[in-house]
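See below for the structure under consideration.
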DNA sequence: CCCTGATTCGC
DNA sequence: GCGAATCAGG
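In full-length UniProt numbering, the protein residues as written are 1 to 187.
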């Protein structure tokens, strides 16, 4: 697959929204996260919020051709950009930052950057449905979950509530009680 | 271990 | 230009 204008545009959009490279790769399809990262760099839209790390990164000395070369690196600072393409992207940095520190209390509020579409769900993403599946504002929680566990920690608490300890008998085993669908309706 | 992005370099 | 391999960090 090649990087068509549309794919590049979608890549730029998702990247700007804070999606991870793997998520973007998953939604684009046909590419790996490495491809996405590579493209992101080539497009020059990398380094989002990344301070110049102190000291590290001698970079791999991979055997074989050693390209020492690094003498005169002075000169052109590279203006970059020059979007000749017909991208309608409004290069709005939009700092956004991180606003919500407490997601716990807010029942169904997942940051845009973490929301998942049906296509980006994996074995370790929360599949808790949020919203009405019949509308376009529907999405899955998408936060990380343990392998093979369908929901993130937060939604597991909702999905697997103790069968109530009223019964002094015992049974500590968590039982699946209400289907998330019910909760989804309510939200 | 899982994940993240960053970088290099053969193609 | 592309992206696998690799690296470095969480």
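No residue lacks a Cβ here, since even glycine has one placed at the ideal position from N, Cα and C.
Keep in mind it's a predicted model, so treat the numbers as computed, not measured.
Per-residue DSSP class, three states only, for residue i
i: residue 40; result: helix
i: residue 144; result: strand
i: residue 56; result: Its pLDDT being 49, under 50, residue 56 is placed unreliably in this model, and the coordinates cannot settle the point.
i: residue 104; result: Reliability of the predicted coordinates at residue 104 is poor, the pLDDT of 39 falling under 50, and the value obtained from them is presented with this limitation in mind. The answer is coil: DSSP assigns residue 104 none of H, G, I, E or B.
Neighbourhood of residue i by C-beta distance below 7 Å, restricted to the same chain and skipping five residues each side
i: residue 37; result: 21
i: residue 3; result: 39
i: residue 132; result: 138
i: residue 147; result: 123, 124
i: residue 150; result: 127
i: residue 156; result: 149
Residue i CB to nearest heavy atom of the ligand ZN below 7 Å
i: residue 40; result: Within the structure as shown, the ligand ZN is missing, as the structure has no ligands at all.
Of the listed residues the options, nearest to residue i (C-alpha basis)
i: residue 124; options: 33, 47, 134, 23; result: 23
i: residue 31; options: 47, 149, 130, 8; result: 8
i: residue 154; options: 129, 29, 135; result: 129
i: residue 27; options: 121, 157, 141, 151; result: 121
i: residue 29; options: 161, 16, 10; result: 10
Beta-carbon contacts of residue i that lie in its chain and below 8 Å, excluding the five residues immediately before and after
i: residue 35; result: 25
Neighbourhood of residue i by C-beta distance below 6 Å, restricted to the same chain and skipping five residues each side
i: residue 14; result: 24
i: residue 16; result: none
Residue i to residue j span [Cα, whole Å]
i: residue 152; j: residue 1; result: 33 Å
i: residue 33; j: residue 47; result: 16 Å
i: residue 134; j: residue 140; result: 13 Å
i: residue 145; j: residue 41; result: 29 Å
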